[in-house]
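Note that this note's numbering has the sequence shown beginning at 262, numbered continuously upward.
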Amino acid sequence: MRKKIAILGSTGSIGTQTLDVVSEHPDRFEAYVLTACNNASLLIKQAREFMPDSVVIANEKKYEEVKEALSDLPVKVYAGSQAIAQVVESDAIDMVLTAMVGYSGLLPTIKAIQAGKSIALANKETLVVAGELIRDLALKHKTPIIPVDSEHSAIFQCLTGEMDNAIEKIILTASGGPFRTYSKEQFQHITKEEALKHPRWNMGAKVTIDSATMMNKGFEVIEARWLFDLHPEQIEVVVHPQSIVHSMVQFEDGTVKAQLGVPDMRLPIRYALSYPERLKCNAGRLSINDYASLTFERPDTERFPHLTFAFEALRQGGNMPCIMNAANEVLVASFLKGEIAYPCMARLLRRSMEEETFISNPTYDDYVATDNQVRRHVQDLISQQNK
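Written out as structure tokens, the structure is:
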């Protein structure tokens, strides 16, 4: 039987690469549900190629366009964010791959967990915003969560077969992004075009900006805390420009295990879909001889304060990571629109974390209210600055 997969965010970078993996192994996987936010044309193209049971376009204004384009096919078409949250509950679905960007992935992930679906998690903001809630739901419903991010997949692979051997710490690697060697003066004049040129990975615009600020690595720190049941003190970040060592685990006997590979997201995607098996693929192989040296260095948190913000949010807990995430999403979108300069993102993010209402034991409704309030507040801060 083929594994039926719902791919949430099928038109994004992770989603399209997941469909590459499905194409490589049509005997093993079936794209049963595809969803997109706004990219109706690509969603239509994917639906015609993969013939899913259902597609969902989150932007309801594009429903008629998708519906008409697929009217000659037996593909169900839905629209709206609530439809995405509902479609994952289908009895036929075996696994939900969450590749939606940002906060929007939270509710569909909750619904998929409650429906008992295996989760292939590529939407890190879900655990950033509501890690404790997601962990508790996964335990209650006995739902496996398999990480797709290359760093967390590396940790997951290093832990496979280790049974109950205690983790002393994990070491998350970061490429350092495009501004690793920039001076403080250069940081004042970074453009959108420069920030969107990642040296190693091909990602969507929002994730690429997060990588440039190292906010993405901060998110991964929080995600790792919940995926692997760690304390903040057990998580270390190192800059590894070659992006060959994807992350490491240090055990209490001092042994360090690392997972290495070429920088190709289809590798962790394939592993998440097929776990515990490893499926043969024809992708390029890592040749150690091609790398005269692999280097590691401490991240500069003075130039990259977003990483410090993430550790602070993790230690404070409650709804603080939710505050940080909502503020960051608004600020990144504003930077991409040319409304604020690059340094403003860190300054306004810090201000938001200091000014928003803190809740130590939030409920799901608290997360929703926090997200809404923070977005309004940060937009006001941006407007005030631009007057």
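Ideal Cβ placement from N, Cα and C applies to all residues, glycine included.
The structure presented is a predicted model; accordingly, all values stated were derived computationally and were not measured.
From what residue to what residue does the beta strand (DSSP E) around residue i run?
i    : result
T359 : 356-359
Q511 : 506-512
V498 : 496-500
K265 : 264-269
K430 : 428-435
K337 : 337-340
At what residues does the alpha helix (DSSP H) containing residue i begin and finish?
i    : result
H567 : 566-577
L650 : Here the chain covers residues 262 to 648 and nothing more, so residue 650 does not appear.
L382 : L382 -> not in any alpha helix (DSSP H); beta strand (DSSP E) instead, spanning 379-382.
S315 : No alpha helix (DSSP H) holds S315; the beta strand (DSSP E) holding it covers 315-318.
Y603 : 603-616
P582 : 581-597
F448 : 445-448
F417 : 411-420
F311 : 301-311
P369 : 367-375
Residues in the same chain with beta-carbon distance under 6 Å from residue i, minus the five sequence neighbours each way, listed in chain order, please.
i    : result
S595 : I601, I643
S274 : M464, G465
Please report how far the alpha carbon of residue i lies from the alpha carbon of residue j, in whole angstroms.
i    : j    : result
H567 : M614 : 12 Å
H638 : T370 : 26 Å
V499 : R559 : 5 Å
G422 : K322 : 49 Å
F512 : W487 : 18 Å
M356 : H413 : 18 Å
E325 : A301 : 10 Å
N622 : N647 : 35 Å
How should residue i be labelled, buried or exposed, when 16 other C-beta atoms within 10 angstroms of its C-beta is the threshold for buried?
i    : result
P408 : buried
R309 : exposed
T404 : buried
Grab me the residues of residue i's own chain with a C-beta within less than 7 Å of its C-beta, minus the 5 sequence neighbours each way, in chain order.
i    : result
P502 : S436, G437, R441, T556
Whose C-beta lies closer than 8 Å to the C-beta of residue i among residues of the same chain, with five residues either side of it excluded?
i    : result
P439 : E455, A456, K458, H459, P460, A473
E616 : H638
T359 : L269, G270, G366, P369, T370, A373, I380, A381, L382, A383, N384, T387
Exercise for review: Taking 8 Å as the threshold, find out whether the region 473-488 comes into contact with the region 534-541 through three or more Cβ pairs.
Suggested key: Taking 8 Å as the limit for Cβ pairs, the verdict is that the region 534-541 does not touch the region 473-488.
Check your understanding: Quick check: the region 319-334 against the region 366-377, are there 3 or more CB pairs under 8 Å?
Key -> By the Cβ rule, the region 319-334 does not count as touching the region 366-377, because fewer than three pairs are nearer than 8 Å.
Point to revise | Touching by the beta-carbon criterion (3+ pairs, under 8 Å), the region 478-493 and the region 421-435 | key: Here the region 478-493 lies against the region 421-435, with 3 or more beta-carbon pairs under 8 Å apart.
Exercise for review: Could you say if the region 393-402 and the region 298-313 meet the contact criterion of at least three C-beta pairs nearer than 8 Å?
Suggested key: Touching, no, given that fewer than three Cβ pairs across the two stretches are closer than 8 Å.
Check your understanding: Between the region 382-394 and the region 282-296, are three or more C-beta pairs nearer than 8 Å?
Key -> Touching, no.
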